[in-house]
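Chains as they are written, first to last, in the working numbering: chain D, 85 to 356; chain B, 1447 to 1699. Glycine residues also receive a C-beta, built at the ideal position from the N, C-alpha and C atoms. For reference, the structure is listed below as C-alpha cells.
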C-alpha cells in the first residue's frame, strides 16, 4: 500500500459521516481497504443511494456504527452477507431510505438549503421509521402533502474516478452523482486511475465533466483502485473475486480470511 | 424450433405487457425484465426507449443517478418492473425483510427507489418468478411501496400486472385487487389458488397464457439475447454454453 493511500485513510477520522457512491459508479475500494487496515471505527456511512461490496466490507470489519441506505446488495452475486448478519445481530443502526430521498438530501446540502421537498413517499412504512422525514403541506396546494427530506451534509465524500490533473481537478464524465457528493460533503477524497499533466480545462469536452479542485481535498493515484469492482468503460468487475466473497463472507471467519487476502494483495502493490 | 424455456416464456410474456410504451426502465439485478424490455423494443422499433440500470450501453442518462427519478416524476417513464420479497393482495410491496422491523428475521437489500417509482410510473409490472404463499402474502410485513388506494386520484402510478412463474394477474385499481388473467401452460387455476396467500378475483374460465410466437422467439434467440449479455454476462453465460437450468435470481429485489 502506498504511503499516500495510508495518509488518505489517516485523514478520514473515526466517527466521520462518509458518503459513497453505488457499486457501479466508481467505488474507492483500495482506499476502503486502507481504512480497514487502520482499524477505522464508528463511521456513519451514507450510501448514495445504495451500496454493495464496500458497505459490506466496512460493516464486516466493524468500521460502521450506522448506515443510511436505500439498499445493500451484491447485485448478481446475491445478498450482502455481513450487512445481513449485522442487521440480525442488531449491531448496526440502519436508516432505511429510498434512492430519490438520498439524492434529495444531498442536493439540498449542495444548495445550502435546510431540506428538499419530495413527492410520492406517502403510505410507505419507511416514513414510520424516519421521524427526520416530515410530512408538510404543499404551500401552493392545500390538498397535497409532501415529504421534507433534511439536508444530508457528510464530512467526507470518498470515491474512485478515472482521471485527475496536476491542479487537483477530477474528471467524472456523466457520473453527475459524484459531483453532487463533492458539492454536499465538507471534504472530498478521491483515488484515480491516472493523473494527466494537461489541465482538464484545456478541452471543453473534458471540462464539462470536471469536479473543480475547489471541492477536492485530496487525490491519490491508485490504478485499478476500484478492484474488485469495475469502473465504467475502463474495466469490468472481477466476477470471480466477487463470487468468492459472496460465498466466503457468509461466516465471519470466511470474511476475515478473504479480507486478509485482499489486504495482502494491496500491501504487495498488486495489481499495479 | 426448440420450445421456449421457462425464462424465455416469462421474457416473452413480460415483453407483451410493454406494448405501446415510449420509455421502459428496468432496475438493477433484473435480467428477465431487462430481456423483456429489450425484446419489446426490438418488436416496437425506434418508438420505444429502454433504460437498463447497471448497463452502460442501454443507459442514455447524463445527469447521474437522480435522472431516472426526475424522469419518472415528470411522466417520462411509462413502465417499470418491480420485484418483491413479499407482495400482497392490495399491491403492497416489501423489499426490506420479514418479521419485526428493524431486526428482521430475513433481511433483503432494501427499498431502492420503489416507493417513488410506484407512485409515478403508470405501468408497473410486478415480477416474481417464485409463486408461493411465502411471497404472495395476505399482508406484507413491511410496506416498502404501497399499493394505490382506489380513490387516490392524484397518484399517476401503480401496479398494472403481476407476472409469476405460474400465472399472470391484472391489478384492478378501482377495486384495489388483483384479477387472475391467465395461467401458464401446465398449470391450472386451482393450483394458482393454493399457491397464492392473498384473495383475488377470477373469471369462471381462466385462459392459458399465450405461448411465445415462433417469430418472436427467434428474434429473442438470434438478436436480443446477445444484447442482454452485455449487462448480464453471468445470467446469460449458461445459455451460450448450452447448459444450465433456469437462473432466476434468488435475490428478491
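Enclosing alpha helix (DSSP H) for residue i [first to last residue]
i                       : result
residue 262 of chain D  : 260-268
residue 1455 of chain B : 1452-1462
residue 249 of chain D  : Premise fails: residue 249 of chain D lies in the beta strand (DSSP E), 240-249, not in any alpha helix (DSSP H).
residue 1638 of chain B : 1635-1641
residue 1655 of chain B : First-last for residue 1655 of chain B: undefined, no H or E at that position.
residue 337 of chain D  : 336-351
residue 1675 of chain B : 1671-1677
residue 171 of chain D  : 165-173
residue 96 of chain D   : Looking at the DSSP string, residue 96 of chain D is not in any alpha helix (DSSP H), and its letter there is neither H nor E.
residue 1515 of chain B : 1513-1519
residue 1478 of chain B : 1477-1490
residue 120 of chain D  : 113-121
CB-CB length for residue i against residue j, believed under 8 Å
i                       : j                       : result
residue 128 of chain D  : residue 194 of chain D  : Not a contact, Cβ separation roughly 19 Å.
residue 1518 of chain B : residue 1560 of chain B : 11 Å between Cβ atoms; not a contact.
residue 1587 of chain B : residue 1538 of chain B : Wrong, their Cβ atoms sit about 10 Å apart, outside the cutoff.
residue 1604 of chain B : residue 1619 of chain B : 6 Å
residue 326 of chain D  : residue 278 of chain D  : With a Cβ gap of about 24 Å, residue 326 of chain D and residue 278 of chain D do not count as contacting.
residue 1527 of chain B : residue 1473 of chain B : 7 Å
residue 284 of chain D  : residue 291 of chain D  : 6 Å
residue 158 of chain D  : residue 136 of chain D  : 5 Å
residue 263 of chain D  : residue 235 of chain D  : Between residue 235 of chain D and residue 263 of chain D the Cβ distance is about 17 Å, and since that is not below 8 Å, they are no contact.
residue 1488 of chain B : residue 1669 of chain B : 6 Å
Chain E residues whose Cβ lies nearer than 8 Å to that of residue i
i                       : result
residue 1544 of chain B : The displayed structure is made up of protein chains D and B, and chain E is not among them.
The beta strand (DSSP E) enclosing residue i, as first and last residue numbers
i                       : result
residue 1533 of chain B : 1532-1534
residue 185 of chain D  : Per DSSP, residue 185 of chain D belongs to no beta strand (DSSP E); it is in the alpha helix (DSSP H), 183-194.
residue 1627 of chain B : 1623-1629
residue 1471 of chain B : 1469-1472
residue 211 of chain D  : Here residue 211 of chain D belongs to no beta strand (DSSP E), and DSSP marks it neither H nor E.
residue 328 of chain D  : No beta strand (DSSP E) holds residue 328 of chain D; the alpha helix (DSSP H) holding it covers 323-332.
residue 220 of chain D  : 218-222
residue 180 of chain D  : 177-180
residue 1496 of chain B : 1495-1498
residue 1525 of chain B : 1525-1528
Beta bridge counterpart(s) of residue i as assigned by DSSP
i                       : result
residue 280 of chain D  : D/249
residue 130 of chain D  : D/103, D/152
residue 300 of chain D  : Answer by DSSP bridge pairing: none, since residue 300 of chain D is not bridged.
residue 1605 of chain B : B/1570
residue 199 of chain D  : D/234
residue 1610 of chain B : B/1574
residue 140 of chain D  : In the DSSP output, where bridge partners are listed per residue, residue 140 of chain D has none listed.
residue 255 of chain D  : D/247, D/294
residue 157 of chain D  : D/163
Closer than 8 Å, Cβ to any Cβ of chain B: which residues of the segment 126-147 of chain D, in chain order?
Taking 8 Å as the upper bound on Cβ-Cβ separation, chain B lies near residues 132, 133, 134 of the segment 126-147 of chain D.
Three Cβ pairs or more, each shorter than 8 Å: is that satisfied between the segment 102-117 of chain D and the segment 299-312 of chain D?
Because the criterion of three Cβ pairs below 8 Å is met, the segment 102-117 of chain D and the segment 299-312 of chain D touch.
Are there three or more Cβ pairs, one per stretch, closer than 8 Å when the segment 222-229 of chain D is compared with the segment 241-248 of chain D?
Because the criterion of three Cβ pairs below 8 Å is not met, the segment 222-229 of chain D and the segment 241-248 of chain D do not touch.
Mind checking the segment 1614-1645 of chain B against chain D and listing, in chain order, the residues whose C-beta falls within less than 8 Å of any C-beta there?
Of all residues in the segment 1614-1645 of chain B, none has a Cβ within less than 8 Å of some Cβ in chain D.
For the segment 251-262 of chain D, list every residue whose C-beta sits within 8 Å of some C-beta in chain B, in sequence order.
The segment 251-262 of chain D vs chain B, Cβ under 8 Å: 258, 259, 260, 261, 262.
Should the segment 1635-1650 of chain B be called in touch with the segment 1521-1538 of chain B, which here means at least 3 C-beta pairs below 8 Å?
The answer is yes - the segment 1521-1538 of chain B touches the segment 1635-1650 of chain B, with three or more Cβ pairs under 8 Å.
Near-chain D residues of the segment 1490-1509 of chain B - C-beta to any C-beta below 7 Å:
Answer set for the segment 1490-1509 of chain B: 1500, 1502, 1508, 1509.
Under 8 Å, with one C-beta from each stretch per pair, do the segment 1543-1551 of chain B and the segment 1592-1612 of chain B reach the 3-pair mark?
No, the segment 1543-1551 of chain B does not touch the segment 1592-1612 of chain B.
Do the segment 177-184 of chain D and the segment 1464-1479 of chain B meet, that is, are 3 or more Cβ pairs less than 8 Å apart?
Counting C-beta pairs with one atom in each stretch, the segment 177-184 of chain D and the segment 1464-1479 of chain B have fewer than three that are closer than 8 Å, which means they do not touch.
Contact list for the segment 1458-1475 of chain B against chain D, Cβ threshold 9 Å
Taking 9 Å as the Cβ-Cβ cut-off against chain D, the residues of the segment 1458-1475 of chain B that qualify are 1474, 1475.
Taking a Cβ distance cut-off of 9 Å, strictly less, list which residues of the segment 1543-1576 of chain B are near chain D, in chain order.
Answer in chain order: 1543, 1547, 1548, 1549, 1550, 1551, 1552, 1553, 1554, 1555, 1556, 1557, 1558, 1559, 1560, 1561, 1562, 1563, 1564, 1565, 1566.
According to a CB-to-CB cut-off of less than 9 Å, which residues of the segment 282-302 of chain D neighbour chain B?
Taking 9 Å as the cut-off between beta carbons, none of the residues of the segment 282-302 of chain D comes near chain B.
Using a Cβ cut-off of 9 Å, which residues of the segment 217-242 of chain D contact any Cβ in chain B, in chain order?
Listed in chain order, the positions of the segment 217-242 of chain D with a beta carbon within less than 9 Å of a beta carbon of chain B are 227, 228.
Using a Cβ cut-off of 7 Å, which residues of the segment 310-325 of chain D contact any Cβ in chain B, in chain order?
So the close ones are 316, 317, 323.
Closer than 9 Å, Cβ to any Cβ of chain D: which residues of the segment 1510-1523 of chain B, in chain order?
Residues of the segment 1510-1523 of chain B that bring their beta carbon within less than 9 Å of a beta carbon in chain D comprise 1510, 1511, 1512, 1513, 1514, 1515, 1516, 1518, 1519, in sequence order.
Decide yes or no for the touch test of the segment 1553-1572 of chain B against the segment 204-213 of chain D: beta carbon pairs closer than 8 Å, at least 3 of them.
Two segments are said to touch when three or more pairs of C-beta atoms, one from each, lie closer than 8 Å; by this definition the segment 1553-1572 of chain B touches the segment 204-213 of chain D.
Within 7 Å of chain D by C-beta, residues of the segment 1586-1597 of chain B in sequence order:
Hits within the stretch, in order: 1588, 1589, 1590, 1591, 1592.
Is the number of C-beta pairs between the segment 1455-1464 of chain B and the segment 334-352 of chain D that are closer than 8 Å three or more?
The segment 1455-1464 of chain B makes no contact with the segment 334-352 of chain D: fewer than 3 CB pairs, one atom from each, lie closer than 8 Å.
Contact between the segment 1628-1641 of chain B and the segment 1570-1585 of chain B is defined here as three or more beta-carbon pairs at a separation below 8 Å; is this criterion met?
At 8 Å Cβ cutoff, the stretches touch.
What are the residues of the segment 1524-1542 of chain B that lie near chain D, defined by any Cβ-Cβ distance shorter than 7 Å?
So the list reads 1542, given in the order they occur along the chain.
So if I threshold CB-CB distances at 9 Å, which residues from the segment 152-163 of chain D count as touching chain B?
Cβ proximity to chain B below 9 Å picks out 153, 154, 155, 156, 157, 158, 159, 160, 161, 162, 163 from the segment 152-163 of chain D.
Identify each residue in the segment 108-122 of chain D for which the Cβ-Cβ distance to at least one residue of chain B is less than 9 Å, and report them in chain order.
If you check each beta-carbon in the segment 108-122 of chain D against every beta-carbon of chain B, the ones closer than 9 Å belong to 108, 109.
Chain-ordered residues of the segment 177-189 of chain D with a beta carbon less than 7 Å from chain B:
Cβ contacts with chain B: 178, 180, 182, 183, 184, 187.
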